[in-house]
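Worksheet for the structure shown next.
Put into structure tokens, the structure is as follows:
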């Protein structure tokens, strides 16, 4: 049972990060129907900037929390600047182009960002400075670290503040109006360009936070870390219903838990020795080896995409999404 | 009159030109004949990607040997030789590995040092064999490499079926585990090494849990480790590189796994202390060959002098020796033609930075040493050397090895002259 609890804790931590990143995908999609494939790279840039700044400040003897705070602030600044220029230079000129054009541009931007990061931070796996001492707490036989608690709490705070922003402020109202119909919103006096820019900036702000979370959780960062994370978060957004904020949060959590439990139990579930009563030859091999595992935990990454495919087949609009005729 | 004079002038000019031509022509021929014979040696390792730091270290080793050979003024077939290193990046990717191997064969290099990884060395070895180009790896440890029967394939480092048993035996002898979990990264290297460890452990009646796997890019090991934690192993072995081994170790300690961790040579680097932080403390790991600090002192000094005080990391003494072996064999055969020097290389005995090297009939190094390390205070520290099945504590081994380099300068071929520089 403690093993199950531990896998659940791992999954919720992972899922919180996915949820925060998925929000960036889903917000942009909700407003301009663009799947911003470069969003994962913004997360990576956030992690890299934080790593560099923390690495520079750590030896100077400031309190660790302050150093991490400054690192995160710098990461946010750089991410926001990146997202702003990305929107201005790559997506805005294509706003009225056929939908495929900005999609391919997004893939291009992602490749450019990845390679710029490679030139700046080298191709090596970099160690994320561990300046906050990791403390493990024991809960019902499972271990939870202070970093994990911080990640989950921070994600909840971020998601709550985003909901407040979208449903309780003028900017949020303008965002929802633009999402429903940009032309009509413009006629009502909403500055659509500004709203779209703000959407990208909020997404980048969340991405920077996610980058710092991932970096400090795993203790490593590399220029390629954004692509797989981005794909998973995108899957989470689709799972919850793309364009739907609570959907992205739910999708992220579900995906994280499915992945952790899947990787944890696939070996036992696909152990052919459960079937040894059926075949003598199987029984012989099991007697010799004990286990005949069909799929190992290296199939962990596959789960996100199996979930994505199943959802697209069974419920194309996602868990919480509404069926709309024209989108997607 | 004027026409005649013109003709005369023209004829004189022609004559002069012709004379000039005649005089000039032989000169470049004369200069070319004794001039420099360019011998190109290939080097392949990942210069980019997760283990680029190890690739650069390998390249530095080869670069140093080449620079020293050039400074020593070696002659082959009466000609001065200039050795040139053609360095290629295989990105640790088997597909790229075969492409660059073909590129080197097409460029007609005289020999190749590399590749770093077993996964790229094995498919590339056939290409070198078809091109009849000798290739010496300083770091590929998968047994399969030299089991394919290619006459051109050599290695100066030990094999996983020597390394795996060494670390497993050390673990059994010193830590006496009852249950051991084994994880690998599903690469030719990681899986091969893990298999050898498993064999030895089973032979010693240690219970081995079902194999867990990641990939060579995995950073999230929590699910695997949580599963392992439930089975309460006394020791965990991981076959993989430091880029994935670091996060693995860190996450294991966060989950409260108290077991002893033992890794193979790919994770036996100083990087581990950075990647895993405090969690790396007490890690046991093995390297095929001898620790860098037990390499020839002259090599260490020359390496640091050449590369601005950069410390050799892992395999550079081996690629240094591999390069020297190629050059020494060419010198002995008095030819840089692979067909001529290959038989000499196969039968050579050479004293290099990692000790005396001779090859068996498969192209493996005879009587290769294995070293067991531990991570102490952020540094990889050698514990013991395992040679011919015997465990020798490191202090004794260094004592045994120390007087040898002093006595060698005279008999060996290129090394002593080179080292004087």
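Chains as they are written, first to last, in the numbering used here: chain W, 1 to 328; chain Z, 1 to 421. Heads up, the beta-carbon is just placed ideally off N, CA and C, and yes, glycines get one too. Please read all numbers here as calculations on a predicted model, not as lab measurements.
Taking a beta-carbon distance threshold of 8 Å, residue 167(W) does not count as an interface residue toward chain Z. Collapsing the DSSP output to three states places residue 268(W) in a helix. For residue 275(Z), the chain W residues whose C-beta falls within less than 8 Å of its own C-beta are 125, 127, 219 and 220, listed in chain order. Looking at the DSSP output, residue 359(Z) sits in a beta bridge with 365(Z). Within chain W, no C-beta atom comes nearer than 8 Å to that of residue 197(Z); the closest sits roughly 16 Å away. A distance below 8 Å separates the beta carbons of residue 182(Z) and residue 198(Z).
In this structure, the CA atom of residue 165(W) is about 12 Å from the CA atom of residue 198(W). Per DSSP, the unbroken beta strand (DSSP E) holding residue 40(Z) starts and ends at 37-45. At a cut-off of 8 Å between C-beta atoms, residue 52(Z) counts as an interface residue with respect to chain W.
Per the coordinates, the alpha-carbon of residue 25(W) lies some 12 Å from the alpha-carbon of residue 43(W). C-alpha of residue 148(Z) to C-alpha of residue 393(Z): approximately 35 Å in a straight line. Taking CB atoms only, residue 219(Z) has a neighbour in chain W less than 8 Å away.
Fewer than three Cβ pairs drawn from the stretch 237-253 of chain Z and the stretch 97-115 of chain W lie within less than 8 Å of each other, which leaves the two stretches out of contact. DSSP places residue 165(Z) in the uninterrupted alpha helix (DSSP H) bounded by 160-175. Shown here, residue 350(Z) sits in a strand according to DSSP, grouped into three states. DSSP places residue 325(Z) inside the alpha helix (DSSP H), whose first and last residues are 316-333.
The beta carbon of residue 310(W) lies closer than 7 Å to none in the same chain, with the five residues before and after it left out. Judged by their CB atoms, residue 46(W) and residue 212(W) are nearer to each other than the 8 Å cut-off. Residue 247(W) sits buried, since 16 or more C-beta atoms from the chains shown fall within 10 Å of its C-beta. With 16 or more other Cβ atoms inside 10 Å of its own Cβ, residue 35(W) counts as buried.
When secondary structure is reduced to three states using DSSP, residue 116(Z) falls in the coil class, being assigned neither helix nor strand. Per the Cβ contact rule, the stretch 340-355 of chain Z is not in contact with the stretch 84-99 of chain Z (fewer than 3 Cβ pairs under 8 Å).
Counting along the chain, residue 372(Z) sits inside no alpha helix (DSSP H); it lies in the beta strand (DSSP E) bounded by residues 370-376. Of all residues in the stretch 243-259 of chain Z, the ones placed with a Cβ closer than 7 Å to any Cβ belonging to chain W are 243, 246, 247, 250, 254, 255 and 256, in chain order. DSSP, read as helix, strand or coil, puts residue 222(W) in coil. Rounded to the nearest whole angstrom, the C-alpha separation of residue 132(W) and residue 180(W) is 44 Å. Counting every other CB atom within 10 Å of its CB across the protein chains shown gives residue 298(W) a total of 16 or more, marking it as buried.
For residue 95(Z), the enclosing alpha helix (DSSP H) covers residues 94-106. The beta carbons of residue 119(Z) and residue 170(Z) sit no closer together than 8 Å. Residue 392(Z) has 385(Z) as its beta-bridge partners, per DSSP. According to the DSSP assignment, residue 284(Z) belongs to the beta strand (DSSP E) that extends over 284-288.
At a cut-off of 8 Å between beta carbons, residue 269(Z) makes no contact with chain W. Judged by DSSP secondary structure, residue 147(Z) falls within the alpha helix (DSSP H) whose first and last residues are 144-147. When secondary structure is reduced to three states using DSSP, residue 230(W) falls in the helix class.
The beta carbon of residue 157(Z) lies closer than 8 Å to those of 137, 138, 139, 140, 141, 288, 289, 315, 318, 365 and 368 in the same chain, with the five residues before and after it left out. For residue 45(W), the three-state secondary structure derived from DSSP is helix.
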